[in-house]
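Worksheet: the structure to be examined is printed underneath.
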Amino acid sequence: MTDGIAKDRLEKLQAMRGAGVDPFPPRVPRGIPLHELLADFDQRVGQAVTVCGRLSQIRDFGKLRFSHLQDRTGTLQIGFERDRLPAFWPDRKRVEGNDLVAITGIVGHTQKGERTLWATEVVLASKALRAAPEKWHGLQDVEQRYRMRYVDLFANPDVRAAFAKRSQIVREVRAYFDSLGYLEVETPILQPIFGGAAARPFKTHHNALDMPLFLRIAPELYLKRLIVGGMERVYEIGRVFRNEGISTRHNPEFTMLESYEAWADYKDIMARVEGLFAHLCATVLGGQTVVTFRGKSFDLKPPFQKARYLDLFAQQNPGCDWFDHQSVLRRARELGLKTDGLPPEKLANDVFEATVEDTLQGPIFVHDYPVAISPLAKRMPEDARVTERFELFLSGMELGNAFSELNDPIDQEQRFQAQLLHKDDETPGEVDVDYVTALEYGMPPAGGLGIGIDRLTMLLTGSDSIRDVVLFPLLRRVDPTAPTAEPAPPQER
RNA sequence: GGGGGCGUAGCUCAGCCGGUAGAGCAGCGGCCUUUUAAGCCGUAGGUCGCAGGUUCGAGCCCUGCCGCCCUCACCA
11 MTDGIAKDRL EKLQAMRGAG VDPFPPRVPR GIPLHELLAD FDQRVGQAVT VCGRLSQIRD
71 FGKLRFSHLQ DRTGTLQIGF ERDRLPAFWP DRKRVEGNDL VAITGIVGHT QKGERTLWAT
131 EVVLASKALR AAPEKWHGLQ DVEQRYRMRY VDLFANPDVR AAFAKRSQIV REVRAYFDSL
191 GYLEVETPIL QPIFGGAAAR PFKTHHNALD MPLFLRIAPE LYLKRLIVGG MERVYEIGRV
251 FRNEGISTRH NPEFTMLESY EAWADYKDIM ARVEGLFAHL CATVLGGQTV VTFRGKSFDL
311 KPPFQKARYL DLFAQQNPGC DWFDHQSVLR RARELGLKTD GLPPEKLAND VFEATVEDTL
371 QGPIFVHDYP VAISPLAKRM PEDARVTERF ELFLSGMELG NAFSELNDPI DQEQRFQAQL
431 LHKDDETPGE VDVDYVTALE YGMPPAGGLG IGIDRLTMLL TGSDSIRDVV LFPLLRRVDP
491 TAPTAEPAPP QER
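Okay, structure coming up:
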């Protein structure tokens with residue numbers, strides 16, 4: 011505790027203890043939610059009710075004080091009158107802004123007509139030793155907001171609203187898949203072989219088994235084992251971990267929705283995605299379909315635009331053949347891309363990303379991706395070089411990825427083997443033999459889908475940064491050994 | 001990793017050309033029974049992110065470091 015405010019508050023706390031008042035009592039009168047009181051406020055005028063919450067700054071008139079009480083459902087003015095609070099009055103200054111309290115009072119109004127609870131009993135529920143941020147601006151400093159999200163949340167109501175919306179989005183995603191007969195499942199986060207995406211994993215270790223493990227980069231391969239097992243429709247909403255850079259669209263741990271549906275193909279999954287967005291518009295957006303994101307507005311009303319991957323590539327890179335390494339190399343150099351050491355398909359996709367992705371306003375389905383960059387997707391019957399796969403883009407941002415799942419164990423094993431040839435740190439060091447074995451037992455044709463819940467939430471809440479929809483985004487820890495201005499904190503008790 | 005920006009009181013921010021570190025809010029002491037950004041009087045609060053350098057003198061100029069933001073790169 012290094013500042014004078016905390017010292018003042020600590021003194022108040024000790025004064026209360028000295029007077030036999032517990033500043034952190036185990037329980038206080040349990041109040042009703044403010045929205046419930048506000049809903050039929052006029053009928054309750056004259057009645058006594060109890061409410062609980064956090065006090066805002068107190069406006070003091072000597073024998074009369076006002077403050078507002080905030081709980082998760084709303085805000086209500088509290089009036090403290092000397093004549094109604096004879097017992098509390100002498101100690102009134104020990105309860106101050108930011109403290110948590112239970113207030114019993116009489117429902118009424120002020121002379122100007124504002125709804126007010128006239129307190130008859132004030133019980134301190136928890137003493138705040140630190141002051142709330144400034145009342146007009148709240149907590150603005152971005153770093154402090156992320157590092158001290160607990161303050162951000164109670165000081166900035168719109169932040170609370172955004173996370174409430176995220177919760178609602180997840181709930182409605184579940185409702186959508188549940189309504190289609192999908193089962194929600196949970197699969198391992200600790201995996202001996204990482205797979206299902208291309209990304210560097212976090213490594214860890216299990217002591218008792220003395221076994222290296224990876225935090226999953228995707229649940230994909232386990233979910234498809236469940237399709238082999240006959241569960242037929244499954245989805246998982248869970249955390250995945252990718253050991254990559256951090257940006258406004260990337261947090262090292264993020265929440266992924268993956269779903270798999272037997273007997274469906276990627277066109278069916280497109281319809282599912284459109285259905286999901288229609289459902290989210292109807293529920294989360296209250297019937298709206300237009301959202302504003304990064305300064306532009308987007309209509310999420312299905313059907314979405316569609317374009318072939320290779321057509322888009324050709325449009326932006328005339329004369330360049332995706333499958334011809336020499337022409338891709340020329341084009342990549344022309345664009346100033348890094349070319350050395352990259353496998354041909356990686357470079358070709360880099361050219362796609364450099365030239366096409368930013369042009370995709372969307373929402374748009376980009377479909378029919380080359381097999382070389384789609385190791386888990388089924389080939390198109392008409393052209394074995396491309397797969398039945400699509401990604402959903404909006405404002406240049408990838409929101410989802412889906413395909414007809416490769417269920418040919420021989421093809422799958424060959425593709426895994428091919429990956430090992432130019433293995434990098436985004437490729438597992440071995441073939442997931444058990445997954446191939448699962449396919450050998452027979453997997454029905456199936457369509458699978460992955461959607462980044464964080465990015466979806468960014469879109470639906472109009473947040474520019476993923477950190478505004480992740481409660482505790484990863485930040486570098488402040489080095490505790492670095493020299494600081496603060497001496498070692500004094501021992502308090 | 002490259003480029004740009006930021007870091008000053010608990011919070012939000014000023015601080016000019018290098019010349020004694022400021023305001024509002026919060027706090028503390030007063031006055032006030034209808035405020036809601038209450039008001040008025042008084043008061044306290046600072047290692048200017050950290051470390052060095054230049055200078056008679058550094059919040060300001062220079063170098064390095066730490067952290068955050070933006071951006072590019074990276075990232076199916």
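The numbering of the first sequence is the numbering used here, which starts it at 11 and goes up by one.
Cβ atoms here follow ideal geometry from the backbone N, Cα and C, with glycine treated the same way.
Closest in alpha carbon position to GLN336, among THR349, GLN325 and ASP421, is THR349. For PRO380, the number of other beta carbons within 10 angstroms of its own is at least 16, and it is reported as buried. A check of alpha carbon separations from VAL338 across ALA317, GLU363, PHE314 and THR114 identifies GLU363 as the nearest. Beyond the five residues adjoining it in sequence on each side, GLY205 comes within less than 8 Å, by CB distance, of ILE227, ALA228, GLU230, LEU231, PRO438, ASP442 and TYR445 in the same chain, given in chain order.
About 6 Å separates the beta carbons of ALA387 and SER414, which is inside the 8 Å limit, making them a contact pair. For ASP309, the uninterrupted beta strand (DSSP E) run begins and ends at 306-309, by DSSP. If one requires a minimum length of 4 residues, the alpha helix (DSSP H) runs lying completely within the stretch 311-360 are 319-326 and 335-345, in chain order.
Using a 10 angstroms sphere on the CB of TYR451, the tally of other CB atoms stays under 16, which defines it as exposed. When beta bridges are read from the DSSP output, HIS432 appears opposite no residue. Note on geometry: alpha-carbon atoms of HIS432 and PRO353 lie some 7 Å from one another.
Annotated as proximal: VAL244 and TYR192, with beta-carbon spacing under 9 Å. A residue is called buried when at least 16 other Cβ atoms come within 10 angstroms of its Cβ; LEU459 meets this threshold and is buried.
Of all alpha-carbon atoms in ARG210, ALA135, SER136 and THR114, the one lying nearest the alpha-carbon of THR126 is that of THR114. Within the same chain, Cβ atoms closer than 8 Å to the Cβ of SER77 are found at LEU65, SER66, GLN67, ILE68, ARG69, GLN87, ILE88, PHE90 and GLY107, the five residues on either side in sequence being excluded. Leaving aside the five residues that flank ARG395 on each side, the residues in its chain whose CB is nearer than 7 Å to its CB run, in chain order, PHE333, PRO380 and VAL381. Here DSSP, grouped into helix, strand and coil, assigns LEU484 to coil.
Cβ-Cβ separation between GLY462 and MET280: approximately 17 Å, too far for a contact (criterion under 8 Å). In the DSSP assignment, PHE34 falls outside any beta strand (DSSP E), carrying neither H nor E.
Selection ALA25, GLN24, LEU48 and ARG477 evaluated against PHE264 yields ARG477 as nearest (Cα-Cα). By the CB criterion at 9 Å, PRO222 and LYS213 fall inside the cutoff. In the DSSP annotation of this structure, the continuous segment of the alpha helix (DSSP H) that includes TYR232 starts and ends at 230-238. Relative to PRO262, the option among LYS316, GLN24 and PRO483 whose CA is nearest is PRO483. For TRP99, the three-state secondary structure derived from DSSP is helix. By the neighbour-count criterion, in which a residue is buried when 16 or more other Cβ atoms sit within 10 angstroms of its Cβ, ALA428 is exposed. In the structure shown, GLN53 falls within a helical segment according to DSSP collapsed to helix, strand and coil. Of the residues PHE308, THR120, ALA292 and ALA358, the one whose Cα lies closest to the Cα of LEU370 is PHE308.
For MET407, the closest of LEU466, LEU322 and TRP273 by C-alpha to C-alpha distance is LEU466. Runs of the beta strand (DSSP E) lying entirely within the stretch 226-306, each at least 3 residues long, are 243-251, 263-272 and 300-303 in chain order.
Comparing alpha-carbon positions, the option among PHE164, ILE247, GLU242 and PRO96 lying closest to ALA272 turns out to be GLU242. DSSP places HIS45 within a helical segment (H, G or I) once states are collapsed to three. Counting only unbroken stretches of 3 or more residues, the beta strand (DSSP E) elements lying wholly within the stretch 409-474 are 456-462, in sequence order. Nearest neighbour of LEU295 by Cα position, chosen from GLN121, HIS377, LEU47 and ALA172, turns out to be ALA172.
Around the beta carbon of TRP128, 16 or more other beta carbons sit within 10 angstroms, so the residue counts as buried.
Taken atom to atom, the span from the alpha-carbon of CYS330 to that of ARG341 is near 7 Å.
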